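Peer 1: Protein chains in written order, with the working numbering: chain A, 1 to 406; chain B, 407 to 834. Each residue gets a CB set at the ideal place from its N, CA and C atoms; glycine is no exception. These numbers come from a predicted model, not from an experiment. First the structure, then my questions, so here it is.
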């Protein structure tokens, strides 16, 4: 096998990775990057790929006994690779106790292994770990949403804010999923010169436009939304908006694809607003089925209170759906009010309902906005574009151009 | 009385009920999963009373699972030694109806088998799920309290959720008319013996004093003080309260909001405070013991409760007892709790404009605030006294057991509730 262009370790993603990460890694692999996952078990195959490279990095979960056993296993494996580095790390662990043990458990799998770049897809998983890397190790972290837009507002999480600062000091490059995230990260102490905005991408071939003629004016308006059911998605406001819409005489139906801890709340809202027969909870679905549902819908609605930039919206745009989105995070970077859909204020069900109402009334509007959405994806959010940007970033970081490590 | 944890600050009404029943001579025990030392600190007056604390029985630990497996034989042995016939009866019934599963249910039920109660009262609706076999296995009368979430959204999309329960329950307690209606909508037969007992509060501990700064015209120096009390959970609708306050500011009313409570919605509220530009206007003060909540109520000019789902709400009662006007949503029991236009205002839930409008009305009219506050206090004194609530429960339990066994129970109670309990109560 040919020598890889670049060796990258990914630390702290699911196994198998989230769809958007999986797509990114497959794209990078196709360009000659060797992607290694740090995971609890051999990487599970996905629809997209079958990953071969991985290192064993157990989760820091379970009781004290389980963690102790895991720690011993990880330490002995590390010592076999490099006795001196392991000893140095154990000595350098901050104190004794559970916190130190967890830190070691996460850091030891990296001992005696070299990669051109270590990548943390979620910035919070870098905390506590980042100081264990040798100074010359190049590190990239991603800022995606919650950790930048929400957590730092909570005064009880001062320690997290401080850990963000140390991560920003140490990272060679900080990947931000939107301009909005970049601005907020800068406010939290990120040096501007290490930021790189690369927006997510969609597989526009997979999330394709369905050519068939959709809803005729006057029949049921099919509204769809996808995403985990968590409070950040503001689904109670969306259900309220649909109730307002129905009250005004528009036969609208909402499909919620996804699952999550706030499901009770959304089911209750639907019952409480007496539209339970018009809200469908489809649960979490695989990407191909999500696509099918998107293609059958008339409008995509996002009621989020906070986002980095919503992959769900990009996928819907790729399927040629007009979008109604709240004005949060980087959403304005994907949707221009009045072009690909409508942008409404957050926490305002009446505004969401008004936007949906406009789209319900006009077949032409839905069609033209849907076409504009598809066009924008093809221009700005394609996979090759994203992979190009990533390759640039990776090679710059690996060559040490981006930011001199301290 | 079966509940997940005892005592718990946000469930002080259960502590009041337990102590009240004991005072009445009811031979009451609490069976709970957790009993945290940290929570006891909020109840110093009876934390030290050993005879009372002996009546609080923790069920055998079922987490982690290996510990449960380890303890299982001991649970069997102990229960069998304490109640040989009860244990045999339990297994004879459950082996037939539940099969092998009776081994694990036994572990959960061991504490109840040892106590052999006449009545098992599940203090929240969801607790009865999977425990209906107790009716015949103990045997005992099973009753349940519906307090809000259990009927409002637990298992809402499963029509069979409470099916078994409706067939096995001897009675249902609801906090108000609205919950009783919801129970029927979820399949409870209208013929089910039921009782509506609203929550109650210790009126003497909540009393308002006249203060000179109550009648001022509000200014940025002395803003209109709004208080929200309730766990930081979506059902309490704190986000709508923030939106209403934001609207109120748009109407030009200088105001300040304090939110008492803690919970998982904390970060969503910080985000809302930040985005609605309410930094410095809204303070999240965290949860606090009852005495301090009283002080917060004393501070406030009005209580705002924007809940989307609420059983009845004790803090709204407490605010009325403190002679504070209330602006609340019409979630479930709230419209029974507050008399619209008399002790406060009831607005449609999720209607932030209506809430802001009513708040503005109160902010601009000192006389209205005073009158509504006074009417609220009168109403609580008349209808929501703790003593009356305990009486109602004791009466209901008597009814459930029927006249004959009633006398038996009374005898047994006096026999069993050793004098030490009564002494401890007197001291507490």
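1. Residue 762(B) and residue 602(B): beta carbons closer than 8 Å?
2. The beta strand (DSSP E) with residue 679(B) in it runs from where to where?
3. Is the Cβ-Cβ distance between residue 729(B) and residue 769(B) less than 8 Å?
4. Check residue 652(B) in the structure and name its three-state DSSP category.
5. Using a Cβ cut-off of 8 Å, which residues of the stretch 621 to 652 of chain B contact any Cβ in chain A, in chain order?
6. Which of the residues in the stretch 552 to 571 of chain B, read from start to end, lie with their CB under 8 Å from any CB of chain A?
7. For residue 410(B), would you say it is in contact with chain A, using Cβ-to-Cβ distances shorter than 8 Å as the test?
8. Given a limit of 7 Å on CB to CB distance, which residues of the stretch 221 to 241 of chain A reach chain B?
9. Does residue 154(A) have its Cβ less than 8 Å from a Cβ in chain B?
10. Taking three-plus beta-carbon pairs below 8 Å as touching, is the stretch 729 to 744 of chain B in contact with the stretch 658 to 668 of chain B?
11. Using CA coordinates, which residue listed in 124(A), 179(A) and 107(A) is at the minimum distance from residue 91(A)?
12. Using CA atoms only, rank isn't needed, just tell me which of 237(A), 230(A) and 279(A) is closest to residue 259(A).
13. If we call anything under 8 Å between Cβ atoms a contact, is residue 181(A) one with residue 130(A)?
14. Mapping DSSP to helix, strand and coil, what is residue 59(A)?
15. Could you check what DSSP says for residue 119(A) in three-state terms: helix, strand or coil?
16. Short check: CB of residue 724(B) to CB of residue 796(B), under 8 Å?
17. Flag residue 63(A) as yes if its beta-carbon sits less than 8 Å from any beta-carbon of chain B, otherwise no.
18. So for residue 667(B), helix, strand or coil by DSSP?
19. Counting only runs that start and end within the stretch 722 to 792 of chain B, where is the beta strand (DSSP E) found for 3 or more residues in a row?
20. According to DSSP, what are the bridge partners of residue 8(A)?
21. Compare the C-beta of residue 394(B) against all C-beta atoms of chain A and say whether one is closer than 8 Å.
22. Smallest Cα separation from residue 307(A): which of 204(A), 328(A), 30(A) and 277(A)?
23. Compute the Euclidean distance between the alpha carbons of residue 77(A) and residue 57(A), then round it to the nearest angstrom.
24. With 8 Å as the threshold, decide whether the Cβ of residue 80(A) is near any Cβ in chain B.
25. If distances are taken between C-alpha atoms only, which option among 464(B), 435(B), 580(B) and 718(B) comes closest to residue 600(B)?
26. On the three-state DSSP scale, how would you describe residue 812(B)?
27. Considering residue 439(B), what are the terminal residues of the beta strand (DSSP E) in which it resides?
28. Please report how far the alpha carbon of residue 552(B) lies from the alpha carbon of residue 690(B), in whole angstroms.
29. Kindly list, in the order they appear in chain A, the residues whose Cβ is closer than 9 Å to that of residue 468(B).
30. Would you decide whether residue 184(A) is buried or exposed? Buried here means 16 or more other CB atoms lie within 10 Å of its CB.
31. Would residue 314(A) pass as a contact of residue 202(A) if the rule is Cβ separation under 8 Å?
32. Mind listing the chain B neighbours of residue 91(A)? Cutoff is C-beta to C-beta under 7 Å, in chain order.
33. Once DSSP output is grouped into helix, strand and coil, what is the label at residue 18(A)?
34. Quick one: which residues of the stretch 127 to 158 of chain A get their C-beta closer than 9 Å to a C-beta of chain B? List them in chain order.
35. Residues of the stretch 292 to 319 of chain A with a CB closer than 9 Å to any CB of chain B: list them in chain order, please.
36. Between the stretch 268 to 275 of chain A and the stretch 240 to 247 of chain A, are three or more C-beta pairs nearer than 8 Å?
Peer 2: So, to answer that:
1. Here residue 762(B) refers to the residue found at position 356 when the second chain is read from its first residue. Here residue 602(B) refers to the residue found at position 196 when the second chain is read from its first residue. Cβ atoms of residue 762(B) and residue 602(B): not closer than 8 Å.
2. Here residue 679(B) is taken as the residue at index 273 of the second chain, counted from 1. Careful: residue 679(B) lies outside any beta strand (DSSP E), inside the alpha helix (DSSP H) at 672 to 681.
3. Here residue 729(B) refers to the residue found at position 323 of the second chain. Here residue 769(B) refers to the residue found at position 363 of the second chain. No; because the gap between Cβ atoms is not below 8 Å, this pair is not in contact.
4. Within the second chain, numbered from 1, the residue matching residue 652(B) stands at position 246. Residue 652(B): helix per DSSP, three-state reduction.
5. 640, 641, 645 and 649
6. 558, 559, 560, 562 and 563
7. Stepping through the second chain from its first residue, residue 410(B) is reached at position 4. Closer than 8 Å: no.
8. 231 and 240
9. Along the first chain, read from residue 1 onward, the residue named residue 154(A) stands at position 154. It does: the Cβ of residue 154(A) has a partner Cβ on chain B nearer than 8 Å.
10. no
11. The count along the first chain starts at 1 and reaches residue 91(A) at position 91. Comparing Cα-Cα distances from residue 91(A) to each of 124(A), 179(A) and 107(A), the minimum goes to 107(A).
12. Here residue 259(A) is taken as the residue at index 259 of the first chain, counted from 1. The shortest C-alpha separation from residue 259(A) is found at 230(A).
13. What you label residue 181(A) is simply residue 181 of the first chain in a count that begins at 1. What you label residue 130(A) is simply residue 130 of the first chain in a count that begins at 1. No, the pair does not count as a contact, with Cβ atoms beyond the cut-off.
14. Position 59 of the first chain, counted from the start, is the residue given in the question as residue 59(A). Residue 59(A) falls in the coil class under three-state DSSP.
15. Taking the first residue of the first chain as position 1, residue 119(A) is located at position 119. In this structure, residue 119(A) counts as strand in the three-state DSSP scheme.
16. Taking the second chain and counting its residues from 1, the one referred to as residue 724(B) is at position 318. Taking the second chain and counting its residues from 1, the one referred to as residue 796(B) is at position 390. No, they are not a contact pair.
17. One-based indexing of the first chain puts residue 63(A) at position 63. Chain B, which has a Cβ nearer than 8 Å to the Cβ of residue 63(A), makes this yes.
18. Working through the second chain from its first residue, we reach residue 667(B) at position 261. In this structure, residue 667(B) counts as strand in the three-state DSSP scheme.
19. 732 to 735 and 750 to 753
20. Here residue 8(A) refers to the residue found at position 8 when the first chain is read from its first residue. Bridge partners of residue 8(A): 35(A) and 117(A).
21. Here chain B covers residues 407 to 834 and nothing more, so residue 394(B) does not appear.
22. On the first chain, residue 307(A) is found 307 positions in, with the first residue counted as 1. Among 204(A), 328(A), 30(A) and 277(A), the Cα nearest to that of residue 307(A) belongs to 328(A).
23. Residue 77(A) sits at position 77 when you count from the first residue of the first chain. Residue 57(A) sits at position 57 when you count from the first residue of the first chain. C-alpha separation (whole angstroms): 11 Å.
24. Start at 1 with the first residue of the first chain, and residue 80(A) comes out as number 80. It does not; no Cβ of chain B falls within 8 Å.
25. As a working mapping, residue 600(B) is identified with position 194 in the second chain. For the residues 464(B), 435(B), 580(B) and 718(B), the minimum Cα distance to residue 600(B) belongs to 580(B).
26. In the second chain, counting from the first residue as 1, residue 812(B) sits at position 406. Low confidence applies to residue 812(B): its pLDDT is 47, below 50, so where it sits in the model is not reliable enough to give any reading.
27. Taking the second chain and counting its residues from 1, one reaches residue 439(B) at position 33. Looking at the DSSP string, the run of the beta strand (DSSP E) that includes residue 439(B) is 436 to 440.
28. As a first step, residue 552(B) is located in the second chain; it is residue number 146 there, counting from the start. As a first step, residue 690(B) is located in the second chain; it is residue number 284 there, counting from the start. Cα to Cα, residue 552(B) sits roughly 29 Å from residue 690(B).
29. Taking the second chain and counting its residues from 1, one reaches residue 468(B) at position 62. Going along chain A, no residue has its Cβ under 9 Å from residue 468(B), so there is no contact; the nearest lies around 15 Å.
30. Taking the first residue of the first chain as 1, we reach residue 184(A) at position 184. Answer is buried; the Cβ neighbour count reaches 16.
31. Locating residue 314(A) in the first chain gives position 314, where the first residue counts as 1. Locating residue 202(A) in the first chain gives position 202, where the first residue counts as 1. Result yes, Cβ atoms of residue 314(A) and residue 202(A) sit closer than 8 Å.
32. Here residue 91(A) is taken as the residue at index 91 of the first chain, counted from 1. The premise fails here: residue 91(A) is roughly 32 Å from chain B at the closest Cβ pair, so nothing lies under 7 Å.
33. Taking the first residue of the first chain as position 1, residue 18(A) is located at position 18. Coil, per DSSP.
34. 146, 149, 150, 151, 153, 154, 155, 156 and 157
35. 305 and 306
36. yes
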